[in-house]
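Here the structure comes first, spelled out in structure tokens, and everything after it is commentary.
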Amino acid sequence: MQDSLRLRAEQAAGQASLGSHGSDKSSPDNDIRNLWTRATLSQPKLNVPRSSVGEDSDMEGSGIGSKSRRWYNLKAGRDSDGGWEEWDDGEDKDSFRQEDLDESSLLELELRRASSLGSRLGEDVDSKTDTEMSSSESSLNISKHTPHRAYWMEQQNRLPLPLMELMESEALEILTKALRSYRSGIGRDHFLTKQLQRYIEGLKRRRSKRLHLLVH
Amino acid sequence: MSATMKLKQGSFLWYLYLDKLYCLLSVRNVKALLEYFHLLDVHHNNTLNDVLFYHFLHHVTSWKRTQIMTVFNMLDWNAMGEIGFDQFYMLVCILLAQQNHLEEQFIFRHSRPVFELLDLEGELRIGAENFHMYNFLFNIKKQDLRELYHDFDITGDRRLNYKEFKLFTIFTMDKYQERQKAEKDKDKGKKDLLKKKRLHHVNVSLKQFLGINVSESRL
Numbered sequence: 128m129q130d131s132l133r134l135r136a137e138q139a140a141g142q143a144s145l146g147s148h149g150s151d152k153s154s155p156d157n158d159i160r161n162l163w164t165r166a167t168l169s170q171p172k173l174n175v176p177r178s179s180v181g182e183d184s185d186m187e188g189s190g191i192g193s194k195s196r197r198w199y200n201l202k203a204g205r206d207s208d209g210g211w212e213e214w215d216d217g218e219d220k221d222s223f224r225q226e227d228l229d230e231s232s233l234l235e236l237e238l239r240r241a242s243s244l245g246s247r248l249g250e251d252v253d254s255k256t257d258t259e260m261s262s263s264e265s266s267l268n269i270s271k272h273t274p275h276r277a278y279w280m281e282q283q284n285r286l287p288l289p290l291m292e293l294m295e296s297e298a299l300e301i302l303t304k305a306l307r308s309y310r311s312g313i314g315r316d317h318f319l320t321k322q323l324q325r326y327i328e329g330l331k332r333r334r335s336k337r338l339h340l341l342v343h
Numbered sequence: 079m080s081a082t083m084k085l086k087q088g089s090f091l092w093y094l095y096l097d098k099l100y101c102l103l104s105v106r107n108v109k110a111l112l113e114y115f116h117l118l119d120v121h122h123n124n125t126l127n128d129v130l131f132y133h134f135l136h137h138v139t140s141w142k143r144t145q146i147m148t149v150f151n152m153l154d155w156n157a158m159g160e161i162g163f164d165q166f167y168m169l170v171c172i173l174l175a176q177q178n179h180l181e182e183q184f185i186f187r188h189s190r191p192v193f194e195l196l197d198l199e200g201e202l203r204i205g206a207e208n209f210h211m212y213n214f215l216f217n218i219k220k221q222d223l224r225e226l227y228h229d230f231d232i233t234g235d236r237r238l239n240y241k242e243f244k245l246f247t248i249f250t251m252d253k254y255q256e257r258q259k260a261e262k263d264k265d266k267g268k269k270d271l272l273k274k275k276r277l278h279h280v281n282v283s284l285k286q287f288l289g290i291n292v293s294e295s296r297l
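Chains as they are written, first to last, in the working numbering: chain H, 128 to 343; chain E, 79 to 297.
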């Protein structure tokens with residue numbers, strides 16, 4: 128019985144990935160959820176075989192697949208010399224890797240759930256609504272995990288935001304006082320004074336932009 | 079001039095710490111410090127000029143202008159009028175060593191770079207006036223300085239070469255460790271005394287309690 132369920136699940140997952148619309152028997156209320164479920168299942172990333180998901184998590188320094196890494200490389204603005212590899216002290220490195228593995232195993236679990244639940248997408252069963260809700264939830268979970276991985280990868284190589292905030296506010300105070308010295312020392316029209324002034328304005332703009340994003 | 083320097087509470091440097099054995103920053107701290115340095119490097123030269131340097135130290139420490147400029151001249155060993163990240167890192171380590179009372183350990187662990195910093199003229203010898211000038215950096219007391227020149231000036235030229243200086247750092251480190259040990263023993267002694275007093279108090283209370291019970295039962 129379980130084998131047949133599994134077979135159906137795999138077949139359904141295969142159909143979903145091909146973008147089949149053969150089983151459009153849902154009620155009007157569930158249309159959006161259906162589309163959402165099919166859309167996420169049709170993403171090529173999610174059809175990655177389970178073994179390769181496990182392989183990716185074993186790669187050195189991260190539990191993230193190569194696609195996320197490429198995304199990160201495109202996204203990262205400034206090149207860092209070494210990389211912010213450890214957020215916590217050495218003794219926390221193991222727990223961090225544990226977290227990575229847990230994320231990958233969690234993703235695997237979600238993939239399995241999605242494929243097993245996807246088998247019921249086209250079936251005419253009484254608990255169809257519940258099934259579709261849970262499948263859409265599981266696909267929501269999958270899509271939640273995938274971007275988060277790239278996010279965490281990026282966060283690993285950057286300084287934490289509160290620290291950046293502290294450093295920038297302090298630097299701003301220091302540079303504002305330095306600007307007064309520049310003006311009194313070499314004059315307002317000197318190119319170094321103007322350069323410093325522009326720099327301070329740029330720093331203020333960056334900070335206010337970030338604060339605005341945080342608030343909203 | 080020789081008042082102990084204090085870092086401004088809540089400033090970025092205040093949150094950093096040195097490894098207590100090697101008196102150096104961790105890789106993570108260095109990365110954060112580098113980012114901070116780049117924030118202050120407004121002209122994108124990978125350096126800080128004297129004005130930026132002064133305002134930075136004035137903001138985060140309790141040093142006066144003369145002390146700050148003395149430090150700048152010491153660190154600007156190429157006489158470029160600017161200091162790079164290497165010198166900045168060295169300075170931060172010195173500041174943190176002072177903040178955390180690790181001066182002796184710091185001088186012991188990094189005797190060569192400290193010697194080179196103090197050797198302003200590049201003569202491979204340090205005179206007493208060098209020490210006096212930078213006394214506020216390493217908190218070397220006058221009494222220790224006198225001992226230094228009396229006990230370690232083996233060559234008798236009233237200046238210390240590197241080997242003599244190294245001997246001094248080893249001696250200072252030994253004294254520091256003995257002081258630490260004495261403090262630990264003192265603390266331990268106090269704790270033992272406190273424990274004994276508590277035990278005695280408990281015993282007394284128990285006896286009183288038992289004594290009362292026995293007298294009640296007799297009645």
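Backbone N, C-alpha and C fix where the C-beta goes; we use that ideal spot for every residue, glycine too. Here the structure is a predicted model, which is why all the values come from computation and not from measurement.
Beta-carbon proximity list for residue i, same chain, < 8 Å, skipping 5 on both sides
i: His279 (chain E); result: none
i: Arg190 (chain E); result: Tyr240
C-beta contact flag for residue i and residue j at 8 Å
i: Leu91 (chain E); j: Leu85 (chain E); result: yes
i: Leu202 (chain E); j: Asn239 (chain E); result: yes
i: Phe186 (chain E); j: Ile248 (chain E); result: yes
i: Leu117 (chain E); j: Glu295 (chain H); result: yes
i: Phe134 (chain E); j: Ile301 (chain H); result: yes
i: Leu112 (chain E); j: Val170 (chain E); result: no
i: Asn123 (chain E); j: Glu182 (chain E); result: no
i: Leu96 (chain E); j: Asn178 (chain E); result: yes
i: Thr303 (chain H); j: Arg310 (chain H); result: no
i: Phe36 (chain E); j: Phe209 (chain E); result: Nothing in the structure corresponds to residue 36 (chain E), since chain E is present only between 79 and 297.
i: Leu223 (chain E); j: Ala206 (chain E); result: yes
Cutoff 6 Å; reference residue i; Cβ partners in own chain excluding five residues on either side
i: Ser179 (chain H); result: Unreliable placement is indicated for Ser179 (chain H), whose pLDDT of 46 sits below 50; no coordinate value is reported for it.
i: Phe184 (chain E); result: Cys101 and Ala175
i: Asp197 (chain E); result: Ile204
i: Thr250 (chain E); result: Glu182
Whole-angstrom distance between residue j and residue i, CA atom to CA atom
i: Leu293 (chain H); j: Ser89 (chain E); result: 8 Å
i: Ser342 (chain H); j: Arg334 (chain H); result: The question names Ser, yet the displayed sequence has Val at residue 342 (chain H). Whole-angstrom Cα-Cα distance: 12 Å.
i: Leu102 (chain E); j: Phe163 (chain E); result: 15 Å
i: Ala298 (chain H); j: Arg332 (chain H); result: 14 Å
i: Tyr254 (chain E); j: Lys219 (chain E); result: 13 Å
i: Asp252 (chain E); j: Gln258 (chain E); result: 10 Å
i: Gln322 (chain H); j: Lys142 (chain E); result: 28 Å
i: Ala305 (chain H); j: Phe216 (chain E); result: 28 Å
i: Leu290 (chain H); j: His137 (chain E); result: 18 Å
i: Gly312 (chain H); j: Lys264 (chain E); result: 56 Å
i: Lys152 (chain H); j: Trp279 (chain H); result: Since pLDDT at Lys152 (chain H) reaches only 44, below the 50 mark, its modelled position is unreliable, and no value is offered.
i: His339 (chain H); j: Val105 (chain E); result: 32 Å
i: Phe115 (chain E); j: Gln324 (chain H); result: 18 Å
i: Tyr326 (chain H); j: Arg307 (chain H); result: 14 Å
i: Phe287 (chain E); j: Lys274 (chain E); result: 20 Å
i: Met168 (chain E); j: Leu271 (chain E); result: 44 Å
i: Arg236 (chain E); j: Glu225 (chain E); result: 12 Å
i: Arg197 (chain H); j: His188 (chain E); result: Bear in mind that the predicted position of Arg197 (chain H) carries a pLDDT of just 43, short of 50, making it unreliable; the figure below should be weighed with that in mind. If I take the Cα positions, the gap works out to 42 Å.
i: Val282 (chain E); j: Lys266 (chain E); result: 24 Å
i: Ser288 (chain H); j: Gly314 (chain H); result: For clarity, residue 288 (chain H) is Leu in the given sequence; the question names Ser instead. For Leu288 (chain H) and Gly314 (chain H), the distance between alpha carbons rounds to 35 Å.
i: Glu256 (chain E); j: Lys262 (chain E); result: 10 Å
Assigned exposure category for residue i - 16 Cβ within 10 Å defines buried
i: Met158 (chain E); result: exposed
i: Val314 (chain E); result: Only positions 79 to 297 of chain E appear in the structure, and residue 314 (chain E) is not among them; the question remains open.
i: Glu199 (chain E); result: exposed
i: Tyr93 (chain E); result: exposed
i: Val120 (chain E); result: buried
i: His317 (chain H); result: exposed
i: Leu286 (chain H); result: buried
i: Gln145 (chain E); result: buried
i: Arg276 (chain E); result: exposed
i: Leu173 (chain E); result: buried
Under the three-state DSSP convention, the category residue i falls into
i: Arg236 (chain E); result: coil
i: Gly205 (chain E); result: strand
i: Ser178 (chain H); result: Unreliable placement is indicated for Ser178 (chain H), whose pLDDT of 48 sits below 50; the coordinate value is still reported in the next sentence. Correct three-state label for Ser178 (chain H): helix.
i: Glu160 (chain E); result: strand
i: Leu299 (chain H); result: helix
i: Gln123 (chain E); result: Reading the sequence as shown, one finds Asn at residue 123 (chain E) and not Gln. Three-state DSSP puts Asn123 (chain E) in coil, outside helix and strand.
i: Cys101 (chain E); result: coil
i: Glu182 (chain E); result: helix
i: Phe150 (chain E); result: helix
i: Thr144 (chain E); result: helix
i: Asp231 (chain E); result: coil
i: Arg276 (chain H); result: helix
i: Phe166 (chain E); result: helix
i: Arg285 (chain H); result: coil
Close Cβ partners of residue i (< 7 Å) along its chain, the five nearest in sequence each way excluded
i: Ser140 (chain E); result: Met83 and Lys84
i: Asn107 (chain E); result: Leu94
i: Leu245 (chain E); result: Phe230
i: Met211 (chain E); result: Thr148
i: Asp128 (chain E); result: Phe150 and Gly159
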